[in-house]
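**Q** Can you read through this structure? Questions will come right after.
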């Protein structure tokens, strides 16, 4: 229930650290996106081996959260402004606000109505 609020707050630290490192040393504004893609690769490896490899749990029910749209907005705000303060305020707000709508395409198929033992519920239930 709390993944919508807790996940973006906790996960913004990793892309921010990678963004500072790449911006300060190389002036490359894509640190957050590279960090998020690396985290996503690690999550898929974890989900596949731990959920499917050990217990044969359906992988489509344990998808990792989609963080790429927020990382792109974070990198874009740094690239356009060049300011850490502007990126922290505007990019951080965009990171949090785009998190839930960015996950809608993955969550939407799980909210179709199904009948199970005479009760109407969604696949997510």
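Residue numbers (this note's numbering): 366 to 490. Where a beta carbon is used, it is the ideal one built from N, C-alpha and C, also for glycine.
1) Would you kindly check if the distance between the Cβ of residue 460 and the Cβ of residue 377 is under 8 Å?
2) With DSSP as the reference, identify every bridge partner of residue 478, one or two as the case may be.
3) Nearest-angstrom Cα distance between residue 435 and residue 456?
4) Could you name each continuous alpha helix (DSSP H) segment of 4 residues or more that falls completely within the segment 395-424, going from the start of the chain to the end?
5) Going by the CB atoms, is the gap between residue 387 and residue 396 shorter than 8 Å?
**A** The short version:
1) Numbered from 1 along the chain shown, position 12 holds the residue referred to as residue 377. Numbered from 1 along the chain shown, position 95 holds the residue referred to as residue 460. Yes. Within cutoff.
2) Start at 1 with the first residue of the chain shown, and residue 478 comes out as number 113. DSSP lists 487 as the bridge partner or partners of residue 478.
3) Mapped onto the chain shown, residue 435 falls at position 70. Mapped onto the chain shown, residue 456 falls at position 91. CA-to-CA, the gap between residue 435 and residue 456 works out to about 8 Å.
4) Taken in chain order, the whole alpha helix (DSSP H) runs of length 4 or more contained in the segment 395-424 are 396-412.
5) Locating residue 396 in the chain shown gives position 31, counting from the first residue. Locating residue 387 in the chain shown gives position 22, counting from the first residue. Going by C-beta atoms, residue 396 is nearer than 8 Å to residue 387.
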